[in-house]
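> Protein chains in written order, with the numbering used here: chain H, 1 to 256; chain R, 1 to 256.
2 protein chains.
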Amino acid sequence: ETGSVALVGAGPGDPDLLTLKALRFLQSADVILYDDLVAPGVLALARREAEKISVGKRGYRPSCRQDQIVAMLIELASNGKRVVRLKGGDPMVFGRANEEISALRSAGVPVEIVPGVTAALGAAASLQVSLTERDKARRVQFITAHAHDGRLPDDFDWGALCDPHASSVVYMGVKMLGVLSERLLERGIDPATPALLVERATWAEERRIFGTIATLAAKVAAVDPAGPCVVLIGAAFAAYDGEAAPIDHGVKQAAL
Amino acid sequence: ETGSVALVGAGPGDPDLLTLKALRFLQSADVILYDDLVAPGVLALARREAEKISVGKRGYRPSCRQDQIVAMLIELASNGKRVVRLKGGDPMVFGRANEEISALRSAGVPVEIVPGVTAALGAAASLQVSLTERDKARRVQFITAHAHDGRLPDDFDWGALCDPHASSVVYMGVKMLGVLSERLLERGIDPATPALLVERATWAEERRIFGTIATLAAKVAAVDPAGPCVVLIGAAFAAYDGEAAPIDHGVKQAAL
């Protein structure tokens with residue numbers, strides 16, 4: 001029997017935000033290779049008999065030994081295993097999927113992709129702020145603030161990031177937030193532009209820190225969040241009305 | 001008993017790509033107000049006793065009588081109904097959610113947001129191409145090619161859209177694709193930039209048209225797709241290897 005590999009999006013954290021298809025793959029897997037950023041509650045829904053292997057950090061960080069992961073996927077599938085490569089959020093956003101898909105195809109391994117709710121969408125839902133807004137934010141962009149050497153990429157299109165008519169969501173940007181904010185301010189972004197950090201969006205432990213692009217980095221540094229974070233930057237996020245609540249603690253919306 | 005309104009993402013079309021949470025809301029709703037772009041297979045999963053009301057086109061089109069929709073949501077919730085406002089893809093991407101949330105809050109109606117897999121993610125999964133790629137596409141942006149007057153917005157940040165290191169996904173852009181492509185070429189985008197149209201991404205009837213930013217619009221005009229479409233533009237999409245297959249018919253990946 002031929003094995004297979006599915007790249008499966010784990011969603012932003014709340015296990016309830018898995019897709020039906022992702023759940024089915026998790027419940028029929030022989031082996032699951034998962035990122036550190038996947039919420040424990042999601043893994044708990046996987047088939048109990050499945051072997052679960054942590055393969056480290058997700059994305060562009062140096063700790064991610066991509067070649068080893070790919071070799072494992074190919075070897076397991078060649079041995080007839082149904083393999084799930086479980087990625088935080090969606091597999092096609094900052095997940096190095098093209099490299100994995102290309103290598104698996106070259107090795108003759110059947111591949112399927114199961115999309116997921118990416119962290120930006122989870123955070124927007126949790127905060128109850130839209131990523132786009134008629135006239136005000138007709139464009140939304142996702143960036144990662146880590147190059148593969150672990151530093152802030154220097155080839156950003158700064159004009160695109162400072163555009164007052166766009167919303168931006170920065171993935172994996174906590175340690176880079178200070179320098180990223182400085183650069184944006186140097187390049188002319190309005191210092192009053194709303195900016196919001198969401199740690200562990202949609203998890204029970206979700207935390208939010210609200211400010212502007214000029215003030216957020218210092219507030220975040222004081223809290224030093226350790227979980228997966230996204231930073232939302234843009235005029236549309238002025239619609240966030242959580243300021244009345246403690247801004248550095250989880251404020252889950254009341255259940256209906 | 002107080003009613004409530006949930007803005008629920010229907011996902012890109014395949015009912016299997018609903019989240020567990022969205023399914024639960026659909027199965028406990030009294031009334032469902034749905035967009036035309038919501039796939040019939042998704043609606044079929046809703047509670048049979050729920051009243052289902054079509055409220056027309058999604059997004060920025062003039063056919064969308066936003067004030068009437070908001071008035072209906074408030075009235076139904078005020079009468080104690082559990083209301084689901086079902087939106088194609090994710091409610092926080094091109095869905096006018098901020099207007100609805102703000103009006104509902106002002107009326108004292110409890111609101112919850114259930115995110116969904118937005119069309120760009122569904123299309124990327126279906127095509128097996130990543131929206132981002134290390135070094136090649138560190139930024140991904142979603143735009144809509146309709147202003148509220150139904151024309152191409154003239155305040156786009158063209159530099160951001162022509163950036164060779166970004167991927168772009170255009171929502172609801174089929175009729176605007178010709179003029180959008182022309183403008184991008186005028187502003188200096190590489191004419192060889194890969195461009196892909198996906199109609200009804202993840203539906204059984206999915207169709208794909210592959211070309212470059214210079215050739216796609218004419219190919220699309222010849223086919224004249226009527227279903228919801230996204231257009232993917234960027235160097236990362238060179239990884240799409242469906243050219244060998246008929247490019248203007250659905251080529252669903254084989255099931256695992």
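By construction, the Cβ of each residue, glycine as well, lies at the ideal position given by its N, Cα and C atoms.
How many angstroms separate the CA atom of Lys219(R) from the CA atom of Leu185(R)?
Approximately 17 Å between the Cα atoms of the pair.
> Check whether the Cβ atoms of Tyr34(R) and Leu86(R) lie closer than 8 Å to each other.
Yes, they are a contact pair.
> Quick check on Lys81(R): does DSSP put it in helix, strand or coil?
Residue state, collapsed to three classes: coil.
> Quick test of the definition: if touching needs 3 or more C-beta pairs under 8 Å, does the stretch 9 to 17 of chain R touch the stretch 36 to 52 of chain R?
Result yes; three or more Cβ-Cβ pairs closer than 8 Å.
> Just verifying my parser: in three-state terms, what is the DSSP assignment at Arg207(R)?
Strand.
> Count the other CB atoms within 10 Å of the CB of Ala44(H); is the residue buried (16 or more) or exposed (fewer)?
When all chains shown are included, Ala44(H) counts as exposed.
> Secondary structure at Thr19(H), three-state DSSP: helix, strand or coil?
Here Thr19(H) sits in strand by DSSP.
> Quick one: what does DSSP say Phe25(H) is sitting in, helix, strand or coil?
It is helical.
> I'd like to know whether the C-beta of Ser102(R) is nearer than 8 Å to at least one C-beta of chain H.
Yes, its Cβ sits closer than 8 Å to a Cβ of chain H.
> Using a cut-off of 7 Å between C-beta atoms, extract the partners of Pro191(R) located in chain H.
The premise fails here: Pro191(R) is roughly 20 Å from chain H at the closest Cβ pair, so nothing lies under 7 Å.
> Given that Met92(H) touches chain R, what residues does it touch there, using C-beta distances under 8 Å?
Within 8 Å Cβ-Cβ: Leu121, Ala124, Ala125, Val129, Ser130, Leu131, Thr132.
> Can you find a C-beta in chain H that's less than 8 Å from the C-beta of Gln259(R)?
The structure shown does not extend to residue 259(R), since chain R is modelled only from 1 through 256, so no value can be given for it.
> Name the residue from Ala120(H), Leu127(H), Pro194(H), Leu152(H) whose alpha carbon lies nearest to the alpha carbon of Gln141(R).
It is Ala120(H).
> Three Cβ pairs or more, each shorter than 8 Å: is that satisfied between the stretch 174 to 181 of chain H and the stretch 126 to 135 of chain R?
Too few Cβ pairs lie closer than 8 Å, so no.
> Can we say the stretch 198 to 209 of chain H touches the stretch 89 to 100 of chain H, given the rule of at least three CB pairs closer than 8 Å?
Short answer: they don't touch.
> In chain order, what residues of the stretch 17 to 34 of chain H put their CB closer than 8 Å to some CB of chain R?
Listed by position along the chain: Leu17, Leu18, Thr19, Leu20, Lys21, Leu23, Arg24.
> Along chain R, in chain order, which residues have C-beta atoms closer than 7 Å to that of Pro153(H)?
By Cβ distance, chain R contributes Arg138.
> Compare the Cα-Cα distances from Ala204(R) to each of Val117(R), Val84(R), Asp16(R) and report the closest residue.
Of the listed residues, the one whose Cα sits closest to Ala204(R) is Asp16(R).
> Determine, using beta carbons only, whether Val230(R) and Val169(R) come nearer to each other than 8 Å.
For Val230(R) and Val169(R), yes; Cβs fall inside 8 Å.
> Which value, in whole angstroms, describes the spacing of the CA atoms of Asp257(H) and Glu99(H)?
Residue numbering for chain H in the displayed model covers 1 to 256; residue 257(H) lies beyond these limits and cannot be assessed.
> Considering just the uninterrupted stretch of the alpha helix (DSSP H) at Val170(H), what are its terminal residues?
Not the alpha helix (DSSP H): Val170(H) falls in the beta strand (DSSP E), residues 166 to 171.
> Which two residues bound the contiguous alpha helix (DSSP H) that contains Gly122(H)?
Note, Gly122(H): alpha helix (DSSP H), 119 to 127.
> Please report whether the beta-carbon of Asn273(R) lies at a distance below 8 Å from any beta-carbon of chain H.
Residue 273(R) lies beyond the residue range present for chain R, which begins at 1 and ends at 256; the question has no answer from this structure.
> Where does Pro153(R) land, buried or exposed, given buried means 16+ other C-beta within 10 angstroms?
Under this definition Pro153(R) is a buried residue.
> Go ahead and pull the three-state DSSP assignment for Gly59(R).
The predicted position of Gly59(R) is uncertain, since its pLDDT is 46 and thus under 50; no value can be drawn from it.
> Nearest to Ala103(R) by alpha carbon, out of Leu7(R), Asp224(R), Leu232(R)?
When each option's Cα is compared against that of Ala103(R), the closest is Leu7(R).
> Determine, for Pro115(H), whether the minimum Cβ-Cβ distance to residues of chain R falls below 8 Å.
It does; some Cβ of chain R falls within 8 Å.
> Just the Cα atoms here: how many angstroms apart are Gly227(H) and Ala226(R)?
Their backbone Cα atoms lie some 43 Å apart in a straight line.
> Start and end of the beta strand (DSSP E) containing Arg139(H)?
Note, Arg139(H): beta strand (DSSP E), 139 to 144.
> In three-state terms, what does DSSP make of Ala192(R)?
Ala192(R): coil per DSSP, three-state reduction.
> Val111(R) versus chain H: which residues are under 7 Å apart at the beta carbon?
Going along chain H in sequence order, the residues near Val111(R) (Cβ under 7 Å) are Gln128.
> Quick one, which of Val70(H), Asp190(H), Leu18(H) has its alpha-carbon nearest Val111(H)'s?
With distances taken between Cα atoms, Val111(H) lies closest to Val70(H).
> Does the separation of the CB atoms of Ala84(H) and Ala77(H) fall below 8 Å?
The sequence given here places Val at residue 84(H); Ala does not occur at that position. In this structure, Ala77(H) does not lie closer than 8 Å to Val84(H) by Cβ.
> Who are the neighbours of Gly108(H) on chain R, taking C-beta pairs under 9 Å?
Those do not exist, as Gly108(H) stays about 13 Å from chain R at its closest Cβ, beyond 9 Å.
> Given Asp163(R), which residues of its chain have a CB within under 6 Å of its CB, disregarding the five upstream and five downstream residues?
Counting only Cβ-Cβ distances below 6 Å, and skipping sequence neighbours, we find nothing.
> Please identify the residue among Ala125(H), Ala107(H), Arg105(H), Ile143(H) whose C-alpha is closest to the C-alpha of Asp90(R).
Comparing Cα-Cα distances from Asp90(R) to each of Ala125(H), Ala107(H), Arg105(H), Ile143(H), the minimum goes to Ala125(H).
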